[in-house]
Amino acid sequence: MVREISAGGVLVRKRDGIWWMAAIEPAADPGTAVDAPRASQPGIRKSRSTGKSKKPIVALPKGLVDPGEKAVETAIREVYEETGIVTDFIAKLGDIKYVYTRVWGDQQRVFKIVSFYLMRYRSGRINEISPEMRIEVARAFWIPLEEAPSALSYKGEKQMAVLALKYLETHPEL
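This is the structure we're talking about:
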């Protein structure tokens with residue numbers, strides 16, 4: 003079984019007394035199209051084959067750890083590449099472990115570990131990402147952190163949002 007090591011971030015920003023979290027909508031796969039979404043809501047995907055709407059994927063920014071790179075460095079880089087935001091590291095939240103089967107290429111089963119870090123906004127504008135990243139990310143947007151556990155698509159990422167909420171509750175100095 004192939005092993006992959008990735009890292010990502012729960013990027014937060016406090017505005018008007020509310021914690022917000024950066025989320026991404028991955029780029030549509032070849033079998034889907036993304037309708038033009040409103041700025042505050044994920045786009046609705048419609049299958050080209052059936053024309054039926056399906057719920058968009060809402061995820062945390064993450065990516066593979068490059069050779070010689072530390073996981074926290076990967077997380078900071080991936081958050082910047084996928085959201086356009088420069089961050090400050092706060093703390094490690096935890097790891098997600100799962101197995102998946104590649105749907106492209108070799109169809110191999112992969113054991114994946116993703117380390118997630120809590121990060122705070124330093125500068126930048128959400129969704130100002132390079133054109134090259136548009137093959138991976140349809141858009142990046144802010145959502146209230148309290149809504150993140152229900153808005154995120156993946157179980158492990160929902161857990162990371164809960165951990166971020168708990169961390170911020172126990173560290174009011176942030």
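Residues in the sequence shown are numbered consecutively from 3, following my numbering. Beta carbons: idealized from backbone N, C-alpha and C, even for Gly.
(1) Which class does residue 14 belong to by DSSP, given the choice of helix, strand or coil?
(2) Is there contact between the segment 75 to 88 and the segment 97 to 108, where contact requires at least three CB pairs shorter than 8 Å?
(3) Which residues in the same chain have their Cβ closer than 6 Å to the Cβ of residue 9, if we skip the five residues on either side of it in sequence?
(4) For residue 167 and residue 19, I'd like the C-alpha separation in whole angstroms.
(5) Less than 8 Å between CB atoms is the rule here; does residue 18 satisfy it with respect to chain C?
(6) Could you spell out the range, first to last residue, of the alpha helix (DSSP H) harbouring residue 130?
(7) Using the C-alpha atoms, what's the distance from residue 131 back to residue 142?
(8) From the DSSP output, read off the bridge partner residues of residue 141.
Taking the structure as given:
(1) strand
(2) no
(3) 67, 73, 76, 77, 117
(4) 14 Å
(5) In summary, chain C is missing from the structure at hand, where a single protein chain is found.
(6) From DSSP, residue 130 is part of no alpha helix (DSSP H); its letter is neither H nor E.
(7) 9 Å
(8) 27
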